[in-house]
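Step one of this worksheet: look at the structure below.
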Amino acid sequence: MHFRRELKTTDIEVIREILDSTGFFYDYEVDIALELATANLEKGPLDSGYSFVMVEVAGIPVAFACYGKTPCTADSYDLYWIAVHQNQKGQGIGKQLMHWVVQSIAEESGKNIWIETSSRELYEATRQFYLKMGCTIVAELPNFYGENDNKVVF
Numbered sequence: 128m129h130f131r132r133e134l135k136t137t138d139i140e141v142i143r144e145i146l147d148s149t150g151f152f153y154d155y156e157v158d159i160a161l162e163l164a165t166a167n168l169e170k171g172p173l174d175s176g177y178s179f180v181m182v183e184v185a186g187i188p189v190a191f192a193c194y195g196k197t198p199c200t201a202d203s204y205d206l207y208w209i210a211v212h213q214n215q216k217g218q219g220i221g222k223q224l225m226h227w228v229v230q231s232i233a234e235e236s237g238k239n240i241w242i243e244t245s246s247r248e249l250y251e252a253t254r255q256f257y258l259k260m261g262c263t264i265v266a267e268l269p270n271f272y273g274e275n276d277n278k279v280v281f
């Protein structure tokens, strides 16, 4: 398993494929992830505010994460995306990727990592993943994404 910080232009379609494989995300959500990746490619992580890491297995990208410093804060970061291709789930890739992101943020003097996800049943495994990784639910905003779809903040 190899972690790569630098995005390649070919990663845009890879990110789409990874997100589509999960069956979790609406098209507009995938489009947002691709916009963040494009901003990273065009401006770099510092100017765009979006750092990416790609995980490769046998030279093939199978997972990614996107995070960045939260604007107007001293030491807070947002984890915008973390996703593993469906055919690679259950192999510990997400766990290792999360550890990598936490370590990278710590190296940048980050102290808080904010994560947001949906309360829909589809995201139960996602919420359990964050809890197993030691994250704590600090807020739940009712009907944030839609009727009976709360925002859960870790």
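Counting from 128, one number per residue, gives the positions in the sequence shown under the working numbering. Where is the CB? At the ideal position from N, CA and C, for every residue including glycine.
Those residues which DSSP pairs with residue i across a bridge
i    : result
Y155 : None, per the DSSP bridge assignment.
H129 : E183
I240 : Y204
E267 : V279
K196 : Y204
A164 : Its beta-bridge partners do not exist; DSSP assigns none.
A190 : V182, V211
Whole-angstrom C-beta distance between residue j and residue i, which should lie under 8 Å
i    : j    : result
K196 : E243 : About 16 Å; that fails the 8 Å criterion.
Local conformation of residue i per DSSP, three classes
i    : result
E248 : helix
M181 : strand
R254 : helix
D174 : helix
G221 : helix
Residues near residue i in its chain [Cβ-Cβ closer than 8 Å; skip 5 each side]
i    : result
I145 : P188, V189, A190, F191, A210, V211, H212
M128 : V182, E183, V184, I220, Q223
N270 : D276, N277
Beta-carbon contacts of residue i that lie in its chain and below 7 Å, excluding the five residues immediately before and after
i    : result
W227 : F130, V180
R254 : T244, V279
Cβ shell of residue i (< 6 Å), same chain only, five flanking positions each side left out
i    : result
D174 : none
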